[in-house]
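The structure under discussion appears below in the form of structure tokens.
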Amino acid sequence: MIRSRLFALAATVAAVLASPSAALALNINESYQPQNEFELLPWVNIEIFGIDMSINKAVFYVVMASVLSCVTMIYVGRKMQMKPGRLQATVEAYYGLIEQITRGNLSGAMVRRWFPFLAAIFLFIWYSNMLGYLPLPTNTEHMVTIFGIEVPSLALYAATANISVPLVLTLMVVISYHF
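Following this line, the structure appears as structure tokens:
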């Protein structure tokens, strides 16, 4: 009984899948290509000694994260007060978190040596990940017209998802530690 039902079900599924009418009923959207979101098209072509140094969306996100990291720390450093505001309190909490992590893993002398470097890397990675959540006009494949001006459509992109960013950060840490 069960065997005959399974056979009937399998035959029905095979008939539907093999049916030419089912194949013709498929509506494939050729314009939707999600893999193109990961393609890094150059915005500005730069070639130095045969090395491609083009500016693309990955470079844009890395530069944005670097600038935000530097600006945040410089701004907070210049506005330090005895009674901290919201931003200073947030940065002090961040400072305490990084200090707690480094003190738990390194000796006192090593903490003093490596804390600024580790804090800078932590802040850079945090900003890189947070920028990945913001839809920015970086999708140059699809343009949108706003008030008669062609603007790239909004897209999400995580700079840390590109293998080159973690690789460069790893190389920085290894070179800094061993040399």
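Our numbering applies: residue 44 is where the sequence shown begins, and numbers increase by one. Cβ atoms here follow ideal geometry from the backbone N, Cα and C, with glycine treated the same way.
query, result
"Anticipated Cβ contact below 8 Å, residue 83 with residue 100, distance rounded", "6 Å"
"Three or more C-beta pairs below 8 Å linking the stretch 199-218 and the stretch 169-182", "yes"
"Contact between the stretch 187-203 and the stretch 139-155 (3+ Cβ pairs under 8 Å)", "no"
"Cα-Cα separation between residue 107 and residue 125, rounded to whole angstroms", "30 Å"
"Proximal residues to residue 182 (C-beta, below 8 Å), its chain only, five neighbours per side dropped", "80, 195, 196, 197 and 198"
"Per DSSP, the bridge partner or partners of residue 182", "196"
"heavy atom of the ligand PLP below 8 Å from residue 147 C-beta", "Absence of the ligand PLP is noted for the structure shown, with no ligands found whatsoever."
"Residue environment, residue 92, which counts as buried when at least 16 other CB atoms sit within 10 Å", "exposed"
"Contacts around residue 166, its chain only, beta-carbon distance under 8 Å, and the 5 residues preceding and following it disregarded", "112, 115, 116 and 137"
"Classification of residue 75 by the beta-carbon crowding that lies within 10 angstroms, buried from 16 upward", "exposed"
"Endpoints, alpha helix (DSSP H) assigned at residue 82", "It is not in any alpha helix (DSSP H) - residue 82 carries neither H nor E in the DSSP assignment."
"Residue 141 beta carbon less than 9 Å from that of residue 215", "no"
"Length of the line joining the Cα atoms of residue 154 and residue 160", "10 Å"
"From 129, 122, 158 and 152, residue whose alpha carbon lies closest to that of residue 139", "158"
"Strand pairing of residue 187, partner residues [DSSP]", "194"
"Residue 213 versus residue 122 - alpha carbon distance", "32 Å"
"Spatial neighbours of residue 185 in its chain, beta-carbon cut-off 6 Å, leaving aside the 5 residues before and after", "196"
"Delimiting residues of the alpha helix (DSSP H) encompassing residue 30", "Missing from the structure shown is residue 30; the chain here goes from 44 to 222 and no further."
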